[in-house]
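What follows is a set of notes on a single structure, which appears directly below.
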Amino acid sequence: MKNYITQGFSVQATAPEGGVTGGQLLAFGELTGVALTDCAANEQFTLKLTGVYAVNKVPSEVYELGKKLFKKDGEDFVTSVPEGNLFAGYAYTPALAGENTVHLLLK
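Shown next, in the form of structure tokens:
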């Protein structure tokens, strides 16, 4: 097919001020993903757009399998609160109150 570009599993992005840490949940516009490696500010890095990742969550929240999760604006964690936050994906496994991470299936 002449117009095929790529599978779209990842994209090259420029690290923001302060750089990025491998495994960090990031947003670029309406696009959410996870940094593959550490990277200094203004350098290129790979942002994974698919897959399941252990990400930080609000410790007091409980998520059942399939719960919609949102990247907290300006933070490196997910929440079940949609208002003011960007849809990131779904809980791939349940997560209990008191737990600090959840397995996130990127949208």
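Note that the UniProt record's numbering has the sequence shown beginning at 1, numbered continuously upward. For every residue, glycine included, the Cβ atom is placed at its ideal position computed from N, Cα and C.
What's the C-alpha gap between T21 and M1?
Whole-angstrom Cα-Cα distance: 36 Å.
Between the alpha carbons of A95 and H103, how many angstroms are there, rounded?
If I take the Cα positions, the gap works out to 8 Å.
Taking 8 Å as the limit between beta carbons, can you name the residues of its chain near V11, skipping five residues before and five after?
The residues are L31, G33, T46, L47, L49.
Taking the beta strand (DSSP E) that T14 belongs to, which residues open and close that run?
Here the beta strand (DSSP E) through T14 covers 10–14.
From what residue to what residue does the beta strand (DSSP E) around T32 run?
Looking at the DSSP string, the run of the beta strand (DSSP E) that includes T32 is 31–35.
Three-way DSSP call (helix, strand, coil) for N56 in this model:
Reduced to three states, the DSSP call for N56 is strand.
What does DSSP give as the partner residues of Y63 in its beta bridges?
According to DSSP, which records beta bridges pairwise, Y63 is partnered with A95.
Taking L104 as part of the beta strand (DSSP E), name the residues at either end of that continuous run.
That run of the beta strand (DSSP E) goes 101–106.
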